[in-house]
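Chemist: Protein chains in written order, with our numbering: chain G, -17 to 332; chain D, 81 to 453.
Below you can see the structure in the form of structure tokens.
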């Protein structure tokens, strides 16, 4: 099943009638591999001189590097695909550390028998995502594994970004009194994947929130706003991100359930499966910790990109036992702990 | 979300809480039977809203928690058979058997799959005619109709490579076992709304009368539960002992008769072992004779005999039996939060999101709530 793929005008540069599927030889170092690199990867990613490593210039000496692997199944899902995800995910990780994304490496692990057309669509999606975020794909690698030993495509991307400001954006910079801004509704990526994977049908299709967050982050920093920390809400969702920061900074955090936007369809799907939206993965959502002095301007800027953005809570103090604690005021006004997830969320019986 | 949000409303919740405080004149102990309600109570901190006279006791209504360790071992043995696709609801996967759980069996090569609906297993069986598809049929009366439909359809469609490992349990016999116990401190019950959606509540009227205990059929949202407690206390205060229905938007007295007929067709009442509690007579469901060919424990009898596990005793530190009978609370257990955590559960109530121990661990650890010991 494929969703809303961009209409690609270009046809696959690898002759599909001869090579409709990826063969082991496409990773074997011979002619087929070179054809794949020279005809498919290099022109799409606009790779320069091909050598054992890419050589680039950096505008500042302070850089950020991050790496992430993408194994999402299905490869195409409502609201995105593994290609754009593998770019946005790494770009967002760079942005969360306050860096402007510049360069990206791409490692493909392809499964023998993968449709060449699928690879072509993923590669084009990556290039479009890279262009949209201003990151340049500069180097890559391809391996092909035996049929049955992969899941179509696995992608690893490593990103390099530059730090162009003097702030130290990190959990340890978070202070009591900081306010927490969430940049939109929660839980759509995880539930979109779940719905497709498990064949669950709802009245409305849940679309992943997969999106780049870098331009907004760069804008916030370029405006000289005092920001203490950013964190994206990927695996483990909002609850895990808050706990990680609370633990790292030794602080207590209180959030308010009614301030957290969750769309009807996500709420419904979570109810049916027994999931808590606070723990569901997102791919375009992040939280910003700001001191009160920066709050109004930061909120205004974040809201200008997504009107659902909201202040969801506050750092209430230093944790007495230095362990960190996250609590939530529930919709009925009582308080409960938001703990780190144990294992994965499993659908409950009834 | 309609039919959910209005039952999670702070103002309504506070109105019920203050109405409850207004009618409560003395201490009352009420048990919510269902693990789903326990989860809601602890998650939303509903007990924080109650007057101090009201004590809630968490009952044995978590199907994951009460499934006998022998059955979990049996499930793992079946899952380990090379030709078997073993299907289960998600939260059974982490429940510890004697030596390990289904998730670790899966990691070690067993073909274990999470399903949401037993009918999905029939589809799997049709797609994999050369393999055996076994469904771990767990749950109270709530999940029984879906299992029954799967067995019924398997017979109709002659799907020979499908079978079930039955662990179904019934609520009323467990309530009676609690009420008949000399240690019983329960003065009123909240019955499980979804169970009664299927079964109705005529059976509960008889229990209320026999044991002179009020029973309120109750839903799962915070306002449902507060209203259920209010109705229960209203009876207790005037010494009434009737069965009332709070969950009228889902439950009628007769229940879902089509579902009941289907259950009758497929299953018969049998004795059942409850984990941590022991055997309760007439408290389980087993396949009727004409459907025994879909019984996995019979179909794989030889294989299961070969791997018959020598079940270790329950870990001695674990007091889940007493917790599920409402005699003790999770924080009374020495192992709670120390040796026993959701990552390393000693007993089943620490596994399921509906288990009392997991609920307390997840929502209460370290929050500074003072417990009476």
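Beta carbons: idealized from backbone N, C-alpha and C, even for Gly. Here the structure is a predicted model, which is why all the values come from computation and not from measurement.
Which whole-angstrom value is the C-beta distance of residue 81 (chain G) and residue 31 (chain G), which I expect to be below 8 Å?
Modeler: Here residue 81 (chain G) corresponds to residue number 99 of the first chain, with the count starting at 1. Here residue 31 (chain G) corresponds to residue number 49 of the first chain, with the count starting at 1. With 8 Å as the limit, residue 81 (chain G) and residue 31 (chain G) do not qualify as a contact, their Cβ atoms being about 26 Å apart.
Chemist: Can you tell me whether DSSP reads residue 212 (chain D) as helix, strand or coil?
Modeler: If you number the second chain from 1, residue 212 (chain D) lands on position 132. Residue state, collapsed to three classes: strand.
Chemist: Please classify residue 254 (chain G) as buried or exposed, where buried requires at least 16 other C-beta atoms within 10 Å of its C-beta.
Modeler: By 1-based counting over the first chain, the position of residue 254 (chain G) is 272. So residue 254 (chain G) ends up on the exposed side.
Chemist: Are any of the Cβ atoms in chain D nearer than 8 Å to that of residue 246 (chain G)?
Modeler: Working through the first chain from its first residue, we reach residue 246 (chain G) at position 264. Output row for residue 246 (chain G): interface = yes.
Chemist: Bridge partners of residue 52 (chain G), per DSSP?
Modeler: Translated into the one-based positions of the first chain, residue 52 (chain G) becomes position 70. Its beta-bridge partners are G:137.
Chemist: Of the residues that make up the segment 300 to 316 of chain G, which ones have a beta carbon closer than 9 Å to any beta carbon in chain D?
Modeler: 303, 305, 307, 309, 312, 313, 314, 315 and 316
Chemist: Does the structure place the segment 320 to 329 of chain G close enough to the segment 100 to 116 of chain D that three or more beta carbon pairs sit under 8 Å?
Modeler: no
Chemist: Report the residue ranges of all alpha helix (DSSP H) runs contained in full by the segment 109 to 180 of chain G; include only those spanning at least 4 residues, in chain order.
Modeler: 170 to 179
Chemist: For the putative contact between residue 360 (chain D) and residue 253 (chain D), defined by C-beta atoms under 8 Å, what is the C-beta separation to the nearest angstrom?
Modeler: On the second chain, residue 360 (chain D) is found 280 positions in, with the first residue counted as 1. On the second chain, residue 253 (chain D) is found 173 positions in, with the first residue counted as 1. At roughly 5 Å, the Cβ-Cβ gap stays under 8 Å, so residue 360 (chain D) and residue 253 (chain D) are in contact.
Chemist: What separation, rounded to the nearest whole angstrom, lies between the Cα atoms of residue 20 (chain G) and residue 204 (chain G)?
Modeler: Counting from one through the first chain, the residue named residue 20 (chain G) turns up at place 38. Counting from one through the first chain, the residue named residue 204 (chain G) turns up at place 222. The alpha-carbon atoms of residue 20 (chain G) and residue 204 (chain G) are separated by roughly 38 Å.
Chemist: Out of curiosity, what's the CA-to-CA distance linking residue 93 (chain D) and residue 125 (chain D)?
Modeler: In the second chain, residue 93 (chain D) corresponds to position 13, counting from 1. In the second chain, residue 125 (chain D) corresponds to position 45, counting from 1. C-alpha separation (whole angstroms): 11 Å.
Chemist: With a threshold of 8 Å between beta carbons, is residue -17 (chain G) in contact with chain D?
Modeler: Along the first chain, read from residue 1 onward, the residue named residue -17 (chain G) stands at position 1. Low per-residue confidence applies at residue -17 (chain G): pLDDT is 43, beneath 50, and the placement is therefore not dependable, though the value from the model is reported in the following sentence. By this cut-off, residue -17 (chain G) is not an interface position.
Chemist: In chain C, what lies closer than 7 Å to residue 180 (chain G) by C-beta?
Modeler: The structure shown has no chain C; the protein chains it does contain are G and D.
Chemist: By the criterion of Cβ-Cβ separation under 9 Å, what are the contact partners of residue 51 (chain G) in chain D?
Modeler: As a working note, residue 51 (chain G) is residue 69 in the first chain. Residues of chain D passing the Cβ test: none, with the nearest at roughly 19 Å.
Chemist: For residue 107 (chain D), does the count of other Cβ atoms within 10 angstroms reach 16, so buried, or fall short, so exposed?
Modeler: For the purposes of this step, residue 107 (chain D) is taken as residue 27 along the second chain, with counting starting at 1. Under this definition residue 107 (chain D) is an exposed residue.
Chemist: Excluding sequence positions up to five away, which residues of its chain have a Cβ less than 7 Å from the Cβ of residue 419 (chain D)?
Modeler: Translated into positions along the second chain, residue 419 (chain D) becomes position 339. Excluding residues within five positions, the ones whose Cβ falls inside 7 Å are 397 and 426.
Chemist: Mind checking residue 275 (chain G): buried by the 16 CB within 10 Å criterion, or exposed?
Modeler: Walking along the first chain from the start, residue 275 (chain G) turns up at place 293. Exposed, by the Cβ-count rule.
Chemist: Taking 7 Å as the limit between beta carbons, can you name the residues of its chain near residue 408 (chain D), skipping five residues before and five after?
Modeler: Counting from 1 along the second chain, the entry for residue 408 (chain D) is found at position 328. Cβ within range, chain order: 399 and 402.
Chemist: Provide the residue span of the beta strand (DSSP E) that contains residue 430 (chain D), from first to last.
Modeler: Mapped onto the second chain, residue 430 (chain D) falls at position 350. Counting along the chain, residue 430 (chain D) falls outside any beta strand (DSSP E), and DSSP gives it neither H nor E.
Chemist: Report the neighbours of residue 123 (chain D) on chain G: residues whose CB is nearer than 8 Å to its CB, in chain order.
Modeler: The residue given as residue 123 (chain D) occupies position 43 in the second chain. 312 and 318, listed in chain order.
Chemist: Hey, is the segment 238 to 245 of chain G in contact with the segment 296 to 314 of chain G, meaning 3+ C-beta pairs nearer than 8 Å?
Modeler: yes
Chemist: Just checking: is the beta-carbon of residue 170 (chain G) within a distance shorter than 8 Å of some beta-carbon in chain D?
Modeler: Locating residue 170 (chain G) in the first chain gives position 188, counting from the first residue. No - not a single Cβ of chain D is within 8 Å of the one on residue 170 (chain G).
Chemist: Closest to residue 384 (chain D) by CA distance: which of D:139, D:153, D:260 and D:115 is it?
Modeler: Looking up residue 384 (chain D) in the second chain gives position 304. Among D:139, D:153, D:260 and D:115, the Cα nearest to that of residue 384 (chain D) is on D:153.
Chemist: Going along the chain, which residues of its own chain have a beta-carbon closer than 8 Å to the beta-carbon of residue 153 (chain G), five neighbours each way excluded?
Modeler: In the first chain, residue 153 (chain G) corresponds to position 171, counting from 1. Around residue 153 (chain G): 211, 213, 226, 227, 230 and 231.
Chemist: Look at the Cβ atom of residue 211 (chain D), then the Cβ atom of residue 249 (chain D), and state whether they are nearer than 8 Å.
Modeler: Locating residue 211 (chain D) in the second chain gives position 131, where the first residue counts as 1. Locating residue 249 (chain D) in the second chain gives position 169, where the first residue counts as 1. No.
Chemist: Helix or strand or just coil, what does DSSP make of residue 278 (chain G)?
Modeler: Counting from 1 along the first chain, the entry for residue 278 (chain G) is found at position 296. If DSSP states are grouped into helix, strand and coil, residue 278 (chain G) belongs with the helices.
Chemist: Just to confirm the assignment, what range does the alpha helix (DSSP H) spanning residue 94 (chain D) have?
Modeler: Here residue 94 (chain D) refers to the residue found at position 14 when the second chain is read from its first residue. It spans 90 to 103 - the alpha helix (DSSP H) in which residue 94 (chain D) sits, taken as one unbroken run.
Chemist: What does the alpha-carbon distance come out to for the pair residue 432 (chain D) and residue 168 (chain D)?
Modeler: Start at 1 with the first residue of the second chain, and residue 432 (chain D) comes out as number 352. Start at 1 with the first residue of the second chain, and residue 168 (chain D) comes out as number 88. Taking the straight line from one Cα to the other gives about 14 Å.
Chemist: Would the segment 292 to 304 of chain D and the segment 137 to 149 of chain D be scored as touching if the rule is three or more Cβ pairs under 8 Å?
Modeler: no
Chemist: Using DSSP with H/G/I as helix, E/B as strand and the rest coil, what is residue 270 (chain G)?
Modeler: Taking the first residue of the first chain as 1, we reach residue 270 (chain G) at position 288. Strand, per DSSP.
Chemist: Assuming residue 119 (chain G) and residue 86 (chain G) form a contact by the criterion Cβ under 8 Å, report the distance between their Cβ atoms to the nearest whole angstrom.
Modeler: Translated into the one-based positions of the first chain, residue 119 (chain G) becomes position 137. Translated into the one-based positions of the first chain, residue 86 (chain G) becomes position 104. Between residue 86 (chain G) and residue 119 (chain G) the Cβ distance is about 5 Å, and since that is below 8 Å, they are a contact.
Chemist: Taking only three categories from DSSP, how would you classify residue 138 (chain D)?
Modeler: Reading the second chain from its first residue, position 58 is the one you call residue 138 (chain D). If DSSP states are grouped into helix, strand and coil, residue 138 (chain D) belongs with the strands.
Chemist: Determine, using beta carbons only, whether residue 194 (chain G) and residue 73 (chain G) come nearer to each other than 8 Å.
Modeler: Residue mapping note: residue 194 (chain G) aligns to position 212 of the first chain, counting from 1. Residue mapping note: residue 73 (chain G) aligns to position 91 of the first chain, counting from 1. Cβ distance < 8 Å, so residue 194 (chain G) and residue 73 (chain G) count as in contact.
Chemist: Please say whether residue 352 (chain D) and residue 364 (chain D) have beta carbons closer to each other than 8 Å?
Modeler: Counted from its first residue, the second chain places residue 364 (chain D) at position 284. Counted from its first residue, the second chain places residue 352 (chain D) at position 272. Yes, they are a contact pair.
Chemist: I'd like to confirm the pairing. Which residues does DSSP put opposite residue 97 (chain G) in its beta bridges?
Modeler: Position 115 of the first chain holds residue 97 (chain G). In the DSSP output, where bridge partners are listed per residue, residue 97 (chain G) has G:3.
Chemist: Checking contacts by CB at 8 Å: is residue -13 (chain G) closer than that to chain D?
Modeler: Counting from one through the first chain, the residue named residue -13 (chain G) turns up at place 5. For residue -13 (chain G), the predicted structure reports a pLDDT of 47, less than 50, and the residue's modelled location is therefore unreliable. A value from the coordinates is still provided. No - not a single Cβ of chain D is within 8 Å of the one on residue -13 (chain G).
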